[in-house]
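J.: Here the sequence shown is numbered in UniProt numbering, starting from 1 and rising by one per residue. We put the beta carbon where it would ideally sit given N, CA and C, even for glycine. Quick caveat, the model's predicted, so the values are computed rather than measured.
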Amino acid sequence: MALEKVKGLFPEVEVDRRIVSAVLCGSATVILVSKWMGQRQVQKKLEEAKRRRELGFQRMEKAAKQFKQQNPGVKAVPILSLPLVELTAKLRDGTLSPESVLYVYIEKALEVTQQINCVTDFLPECEEQLQEVKKEEKGLLYGVPVSIKENIACKGHPNTMGLVKYLDNPEPDDSVIVKVLKKQGAIPFVRTNTSQGILNIDCGNTLFGQTLNPFNHKKTSGGSSGGEAALVGGGGSVIGIGTDVAASIRVPCGFCGVCGFKPTGYRLSVKGTTSPVDGMNSVTNVTGPVARDMDSLVLCMKALLCDELFLLDPAVPPLPFNDEIYSGSRPLRIGYYDGDGYFQPSPSMRRAVQETRKLLQEAGHTLIPFTPPRINFLVDELFTKGISADGCSTLVEKFDGEFVDATWTNQLRCCRMPDLLKRFLALILMPVFPRISRHLNALTGVGSVKNFWKNNVDQMVYRDEFIAEWRKLKLDVVLCPALGPAFNLGYAGKLFVATTYTHLYNVLNFPAGVVPVTTVSEADEEDLRHYKGHYGDPWDKRMKEAVQDAVGLPVAVQCVALPWQEELCLRFMKEVETLSREKRARRKI
């Protein structure tokens, strides 16, 4: 057959069968050898990266140990227990020194990452910056150690997204967000783990390994900002910066029991952040803060929304933090829903929404049932088809020449299927598993530029429809599920589609955040035994298995506002946090 193909290409040339066989055999050998050499090269780079990482951790340990020996009177616990607002006050009035805070957090971050593997690398330049910070005017975050997600540029360090191919590409400059943090006196000191290629709700890759949940090491931290959420949740950082393209701040924060906020796209700069698919704008990628409590989150937003941000990135609208809106006290009209009809929330997730609804109602707010319109259309046609507009080819290319982490295997297998196979499987699965069928069909993308433009129009129409329903009910904000509790290891990479409650607000480009309000109870675990889901398909079965054995783990709710109303969304989140804490305090009495 091969000989006939060669003759067909070059009919005027007399081709000897033995020569062709030798050439073909040689070509196969060359391909195999090239592939083997490529894998060896990748393996070598992985080993080098591991060595560099270990050296960084050793330097981190040495720095903390040396400070401790020279300053035996500095006690870690009182510093680590301070919320950000109190910590900054003590730093600014001189009660605490920036050195003591930085080295205490270096030691704690090292301790936490040794348990759950959340830090990718130490930023040794933080020690130099420590000296510079004391010479500058004291900003809102003066002397505060800050952790940074690995795909946000820090000068001299590569944004790898857990991919070997980017290891040798150190960033030439800090991202805008890092520059603003430094201007406000903050000290970036570590970078944190992410999922391989980012677009995944787990947190594992072949470069840095799997990040575990700080409350239960059999659970994932979530992703892709899982390293941030896990480090903050484990006490190794007081404030961190993550990114969110579908759920990447809110899901891990919910899993790890901390607060996380996704602002409207472009309210904060994304210059210097690395995206999983460059040029994708069907869903909006944003940067946002991760913190233990709402006061910390708000202080970070106030610090970021400053003149330096607007100067460094003119594409960001010059909207300083509006404290008048955040400090408002008028009762709110709050829409709520505890299910979207696509993925049924776990029993603890649904209970969290209903208990929060009741608390808000008792506090004088008006609660109104709200139903997101056409959720199947949103998920399949706008979100999945939007992020897979090219049939997943750009995303798949990111993994060329890479060892694929186990957290990505299932997702990548679906993406790599030929479009013809996706359509064929979608056709035969439609009668039995319609949701999975629609998803496979959406993964083929839009097919043409004309269809891509239509997809953009459909998105604008849907957004107008959603806002019209919001305005019809005269809502200020919306309360709804996020995703939780934390998944058992091995499941998150197989349930990216379960992010419907969060990725809705990336498609709409609304500000949204999560606040932990409760923990999984024995009763929730019992109710989970009867969980069937909406479709009774393999995804529902997988979801049930993913959230099992979670008693005591945190559960968060999601709070949402209209675009550019970050301050109102944060005010709502603070109200939810206050009421939930008061309820827990009453239970202890």
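What are the partner residues of P170, as DSSP defines its beta bridges?
T.: P158, per the DSSP bridge assignment.
J.: Suppose you measure from the CA of S224 to the CA of A482; what does that come to, to the nearest Å?
T.: Using only the alpha carbons, I get a separation of about 15 Å.
J.: Helix, strand or coil for I241 per DSSP?
T.: Three-state DSSP puts I241 in a strand.
J.: Using DSSP's beta-bridge definition, name the partner residues of Q210.
T.: In DSSP, Q210 forms a bridge with G204.
J.: With contact counted as at least three CB pairs below 8 Å, one residue from each stretch, are the segment 220-237 and the segment 478-493 in contact?
T.: With the cut-off at 8 Å, the segment 220-237 and the segment 478-493 touch.
J.: Could you tell me which residues DSSP pairs with V461 in its beta bridges?
T.: According to DSSP, which records beta bridges pairwise, V461 is partnered with nothing at all.
J.: To the nearest angstrom, how far is the alpha carbon of D540 from that of R471?
T.: Cα-Cα distance, rounded: 33 Å.
J.: In this structure, how does DSSP classify G226 when only helix, strand and coil are distinguished?
T.: Of the three classes helix, strand and coil, the one that applies to G226 here is helix, per DSSP.
J.: Over the uninterrupted alpha helix (DSSP H) stretch that includes R250, give me the two end residues.
T.: R250 -> alpha helix (DSSP H) spans 250-256.
J.: Do the CB positions of Y336 and R350 come within less than 7 Å of each other?
T.: Contact: no.
J.: Excluding the 5 residues flanking G533 on each side, which residues of the same chain have their C-beta closer than 6 Å to its C-beta?
T.: These residues qualify, in order along the chain: Q344, D540.
J.: With a Cβ-Cβ cutoff of 7 Å, do D340 and I387 count as a contact?
T.: In this structure, I387 does not lie closer than 7 Å to D340 by Cβ.
J.: Could you tell me whether any non-hydrogen atom of the ligand GDP is closer than 6 Å to the CB of G272?
T.: The ligand GDP is not part of the structure shown, which contains no ligands of any sort.
J.: Taking the C-alpha atoms as reference points, what is the distance between E111 and T160?
T.: Roughly 24 Å separates the two Cα atoms.
J.: Please determine, among A523, R250, K450, the residue with the shortest C-alpha to C-alpha distance to Q558.
T.: Out of A523, R250, K450, R250 has the C-alpha closest to the C-alpha of Q558.
J.: With 16 other CB atoms within 10 Å as the buried threshold, where does residue 591 fall?
T.: With the chain covering only 1 through 589, there is no way to say anything about residue 591.
J.: Among the residues of its own chain, which have a CB less than 6 Å from the CB of S580, if the five just before and after it don't count?
T.: So the qualifying residues of the chain are V517.
J.: Using only alpha-carbon positions, find the residue among E402, G391, M60, Q41 that is nearest to N441.
T.: Comparing Cα positions, the closest option is G391.
J.: Ignore the nearest five residues each way along the sequence and tell me which others in A492's own chain have a CB closer than 6 Å to its CB.
T.: Correct list, in chain order: I201, D202, T220.
J.: V270 and V245 - do their beta-carbons sit closer together than 7 Å?
T.: Going by C-beta atoms, V245 is not nearer than 7 Å to V270.
J.: Which first and last residues belong to the beta strand (DSSP E) in which F122 is found?
T.: Its beta strand (DSSP E) spans residues 119-122.
J.: For S237, does the count of other Cβ atoms within 10 angstroms reach 16, so buried, or fall short, so exposed?
T.: Result: buried.
J.: Is it buried or exposed for S81, if we count other Cβ within 10 angstroms and need 16 for buried?
T.: Burial call: exposed.
J.: Is it buried or exposed for Q184, if we count other Cβ within 10 angstroms and need 16 for buried?
T.: So Q184 counts as buried.
J.: Given a threshold of 16 other Cβ atoms within 10 Å of its Cβ, counted over all protein chains shown, does F424 qualify as buried or as exposed?
T.: Classification of F424: exposed, given that the 10 Å Cβ count is below 16.
J.: Based on the DSSP secondary-structure assignment, which residues constitute the bridge partners of C259?
T.: For C259, which the question treats as bridged, DSSP gives the partners A291.
J.: For my contact list, L199 and L395 are in at a C-beta cut-off of 8 Å; report their separation, rounded to the angstrom.
T.: Yes, L199 and L395 are in contact; Cβ-Cβ is about 6 Å, under 8 Å.
J.: With a cut-off of 7 Å, does the C-beta of S296 fall near any C-beta of chain C?
T.: No chain C is part of this structure, which consists of one protein chain only.
J.: Just grab the DSSP bridge partners of V316 for me.
T.: Answer by DSSP bridge pairing: none, since V316 is not bridged.
J.: Given Q196, which residues of its chain have a CB within under 6 Å of its CB, disregarding the five upstream and five downstream residues?
T.: Only G162, N205, D405, W408 meet the Cβ criterion.
J.: Suppose you measure from the CA of A89 to the CA of A291; what does that come to, to the nearest Å?
T.: Their Cα atoms are separated by approximately 17 Å.
J.: What does the alpha-carbon distance come out to for the pair P418 and K588?
T.: Rounded to the nearest angstrom, the two C-alpha atoms are 57 Å apart.
J.: Out of R435, D173, G513, E567, which has the shortest C-alpha to C-alpha gap to P538?
T.: Selected option, being the one with the closest Cα: R435.
J.: Assign I589 to one of three DSSP states: helix, strand, or coil.
T.: It is coil, neither helix nor strand.
J.: Flag this pair as yes or no: are the beta carbons of E566 and P263 separated by less than 7 Å?
T.: Yes, they are a contact pair.
J.: Under 7 Å between the Cβ atoms of A153 and E171?
T.: It is a contact, given that the beta carbons lie within the stated cut-off.
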